[in-house]
Amino acid sequence: MKNLRLLLIALATAANANAAGPTFTIDATHAAGKVSPILYGLMTEEINHSYDGGLYAELIQNRAFLDSTKSPVHWSVVNDVGSAARVELDTNAVFNDQLSASLRVTVTQADHKHQAGVANDGYWGIPVQPKTTYRATIIARAGAGFSGLATVSIVSDDGKTIYATQKFSGLTTDWKKFKVALKTGRGTPTTRAHFSITLDQPGTVWLGLVSLFPPTWHDQPNGFRQDLMQMMVDLNPKFLRFPGGNYVEGDTVETRFEWKKTIGPIEQRPGHPGPWGYRSTDGLGLLEFLQWCEDMQAEPVLAVYAGYSLKGAHIDAGAGLEPFVQEALEEIEYVIGDPKTKWGAQRAKDGHPAPFALRYVEIGNEDWFDKSKSYDARFAQFHDAIKAKYPQLKTISTLGDDQPAASWVKSRKPDMIDGHYYRSADEFLRMSPGYAKKYDRHGPEIFVGEWAAYETSFPPWDKQSKNEPPTPNLKAAIGDGVFMAAMERNSDLIKMQCYAPMLVNVNPGGRQWRPNLIGYDVISAYGSPSYYAIQMFSRNVGDEILAAVTAETAVQGCATRDRRTGEIFLKLVNPQTNSVSLNIEIKGVTALESKGSAITLAGNSDDSNSLAQPKKVVPLTTTVRGIKPGFTYTLPAHSIVVLKLRARR
Ligand code: AHR
750 MKNLRLLLIA
760 LATAANANAA
770 GPTFTIDATH
780 AAGKVSPILY
790 GLMTEEINHS
800 YDGGLYAELI
810 QNRAFLDSTK
820 SPVHWSVVND
830 VGSAARVELD
840 TNAVFNDQLS
850 ASLRVTVTQA
860 DHKHQAGVAN
870 DGYWGIPVQP
880 KTTYRATIIA
890 RAGAGFSGLA
900 TVSIVSDDGK
910 TIYATQKFSG
920 LTTDWKKFKV
930 ALKTGRGTPT
940 TRAHFSITLD
950 QPGTVWLGLV
960 SLFPPTWHDQ
970 PNGFRQDLMQ
980 MMVDLNPKFL
990 RFPGGNYVEG
1000 DTVETRFEWK
1010 KTIGPIEQRP
1020 GHPGPWGYRS
1030 TDGLGLLEFL
1040 QWCEDMQAEP
1050 VLAVYAGYSL
1060 KGAHIDAGAG
1070 LEPFVQEALE
1080 EIEYVIGDPK
1090 TKWGAQRAKD
1100 GHPAPFALRY
1110 VEIGNEDWFD
1120 KSKSYDARFA
1130 QFHDAIKAKY
1140 PQLKTISTLG
1150 DDQPAASWVK
1160 SRKPDMIDGH
1170 YYRSADEFLR
1180 MSPGYAKKYD
1190 RHGPEIFVGE
1200 WAAYETSFPP
1210 WDKQSKNEPP
1220 TPNLKAAIGD
1230 GVFMAAMERN
1240 SDLIKMQCYA
1250 PMLVNVNPGG
1260 RQWRPNLIGY
1270 DVISAYGSPS
1280 YYAIQMFSRN
1290 VGDEILAAVT
1300 AETAVQGCAT
1310 RDRRTGEIFL
1320 KLVNPQTNSV
1330 SLNIEIKGVT
1340 ALESKGSAIT
1350 LAGNSDDSNS
1360 LAQPKKVVPL
1370 TTTVRGIKPG
1380 FTYTLPAHSI
1390 VVLKLRARR
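Structure below.
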């Protein structure tokens, strides 16, 4: 059945337009507005193990022994019939004052053949890829008198296979950093493995930090997972909004995203408890966020902590807020300051002398949650300080177009306002035709900084969401499609938009939210239908908006044109259970090249992708013939179609 549907798509031929019936009419006589060149971007925060156990390629979970003060979680004893050891947290013998605990490994019985030590289970397993080099960094010291060898290995969970192993010597009573390369041989990829460090003689060893990295994107040290980066690059993002979301606010003032604690060598980063129920290593810190932008050729949209935290604490505008304003100004200096400035020099010392290009600073996150109503004054204090020092920067208010206009910031005119839209697919179908039509074109620019369609009858924050798959199905992607079409139609005003959350570790316990765009475990990843819908939209967009209206149909869509090439992009979303023969009328062009192409995402509305079936719902590109200014095109049921046409010049 599915193959038949794909065959029908592949054979698509445009027919002559009918006079009546479902119609999509495009006015190509002139542009109705300019498409924002930075319309499509990405939003990120540490949620669902997006970084630790996700994009940040570190493989050791609880690498600095700070995840729990009670026990060394994710670490366990390794021994056999002829060896014995015990492990405990030690808060006295610590590597430095940033890492407040170490792991004491006491081996009471061991020899060369019967080693004992400690193992780490990683983020739901350690991935083993064939013919791959993994790089371990171990900060360790030994008790007096220890003269043995340490063995570092990646081992199958049943203990039968050693995928890679290497010894190191030189443990003394002083803390030292050891670097060990572990090379795997041939074999089948697996996640059913763990990492171990064992000793060949009795003695005590303290571990201050243990890190293991696979090959990273562009081989960057402390870098990113290659497959996830590629998937993001493939979305052609023009910006990255970071570091949150709730993550910038923290549950409390003390657990906000305190950027200064996220820079420098990883052993200088203590990490912090995040608002999503687990601790962050901050291995992916401010500089890594910026490098991530650079790697994707996307501009940073930096959110700064603005004096409100999720559990309700706020700091009123005035002298008490000033240290936080300074913290934000210094953060901006780290991003864009000349290396002669204090924080620009720090960035250079950290490895990036060139300033990054920053244009937008978001002040806080979802400050409509602040019951004290202090945001207007807090915004003003940040806005004034930022504009005084960096007049070129644009400020974003978090009271956006999703909130009643009466609640918006009044004391200043934000350059942009950020609205968040988590809506059911059905709600997006209802609201998208009228979305943004009524907005004042002279008002602040609009950022839709978080949005996603859900296919369930309950919202993402309902506890029933836990029972649903981590990523959405095609029905949700249809909702995403109509909302994206609405934003693109209005992208003279909607300057930026980004889906949220983007990343999810699909292992049990890995996520706190659904739906999410990209799912993964420690070794593989897949895109949801929504991922492909966004890819279809973001990679096929012109720079001029063409006015488009539909008649007698539930199909929604938008049209843009590339002024330089004359290419016209029609985006059409058919939410119905039946196919639709759509009359497409393009006014203002005398002739079109008869051959164009169609990219189609279609299937049953409950079809979805998963680790087991990563490509069940993916776009298919086909050639379309017989195109003219008036033609009929058949959209499959439940489909998103991008038609690419060329005006004859
Ligand atoms: O995207 C998940 C959460 O939704 C974000 O952290 C927050 O900004 C919003 O409420």
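Heads up, the sequence shown is in the numbering used here, so the first residue is 750 and it goes up one at a time. No residue lacks a Cβ here, since even glycine has one placed at the ideal position from N, Cα and C. What you are looking at is a predicted structure, and each value in this text was computed from that prediction instead of being measured.
- Distance from the Cα of I1294 is smallest, within the candidate group N1239, Y789, T857, G1276, for N1239.
- Between the ligand AHR and the CB of E998, the shortest heavy atom gap is not smaller than 6 Å.
- About 5 Å separates the CB atoms of I1145 and D1167; that is less than 8 Å, so the two are in contact.
- Note that the C-beta distance between G1291 and R1310 is below 7 Å.
- A distance below 7 Å between beta-carbons, with the five flanking residues on each side excluded, links T1001 to the following residues of its chain, in chain order: S1058, K1060, A1062.
- Here the alpha carbons of G1276 and A781 stand approximately 33 Å from one another.
- Of V1050, L1252, I1015, the smallest CA-CA separation from Q847 is found for I1015.
- In the assembly as shown, S896 is an exposed residue. Its beta-carbon has fewer than 16 other beta-carbons within 10 Å.
- By the Cβ neighbour-count rule, Q1141 is exposed, with fewer than 16 other Cβ atoms within 10 Å of its own.
- According to DSSP, G1306 shares a beta bridge with L1321.
- In terms of side-chain proximity, the C-beta atom of G1023 is found no nearer than 6 Å to any non-hydrogen atom of the ligand AHR.
- Looking at the DSSP output, G866 sits in a beta bridge with V827, T947.
- Burial is judged here by how many other beta carbons sit within 10 angstroms of a residue's own beta carbon; A1068 has fewer than 16 and is exposed.
- In this structure, the C-beta of P1250 approaches the ligand AHR to less than 6 Å from one of its heavy atoms.
- V1391 sits close to I1348, with the two beta carbons spaced by under 7 Å.
- Judged by beta-carbon spacing, G1345 lies beyond the 7 Å limit of I1389, meaning their Cβ atoms are not closer than that value.
- Secondary structure note for E837: its beta strand (DSSP E) is the uninterrupted segment 833 to 839.
- Taken from the Cβ of N1114, at least one heavy atom of the ligand AHR lies inside 6 Å.
- Q858 places its beta carbon 7 Å or farther from that of T947.
- Each of P1221, E1194, D1189 was checked against the Cα of E1204, and the nearest Cα belongs to P1221.
- Nearest to K1138 by C-alpha distance, out of A891, Y805, V1110, is V1110.
- Using a C-beta cut-off of 8 Å, the stretch 944 to 962 makes contact with the stretch 800 to 811, since at least three inter-stretch Cβ pairs fall below that distance.
- In the structure shown, the three-state DSSP call for E1316 is strand.
- Between A1225 and P1264, the beta carbon gap of about 6 Å places them in contact (Cβ cut-off 8 Å).
- Per DSSP, the continuous alpha helix (DSSP H) segment holding V982 begins and ends at 975 to 982.
- Bounds of the beta strand (DSSP E) holding N1254 are 1252 to 1254.
- When G908, I903, A899 are compared, the shortest CA-CA separation from K916 is found for A899.
- Secondary structure of D1164 (DSSP, three-state): coil.
- Short of 8 Å from the beta carbon of D839, and not among the five residues preceding or following it, lie these beta carbons of its own chain, in chain order: A850, S851, L852, R853, W955.
- The beta carbon of D983 sits closer than 7 Å to those of Q1284, all from its chain and outside the five residues before and after it, given in chain order.
- Distances from the CB of G994 to the heavy atoms of the ligand AHR include at least one below 6 Å.
- Looking at the DSSP output, S1346 bridges to T1372, K1393.
- Excluding the 5 residues flanking it on each side, V836 has same chain C-beta neighbours closer than 8 Å at P821, W824, S825, V826, L852, R853, V854, T855, V867, in chain order.
- Following the DSSP letters along the chain, one finds R1096 inside the alpha helix (DSSP H) bounded by residues 1091 to 1098.
- The Cβ neighbour count for E1080, taken over all protein chains shown within 10 Å, is at least 16; the residue is labelled buried.
- Taking a 10 Å sphere around the C-beta of F991, we find 16 or more other C-beta atoms and assign the residue as buried.
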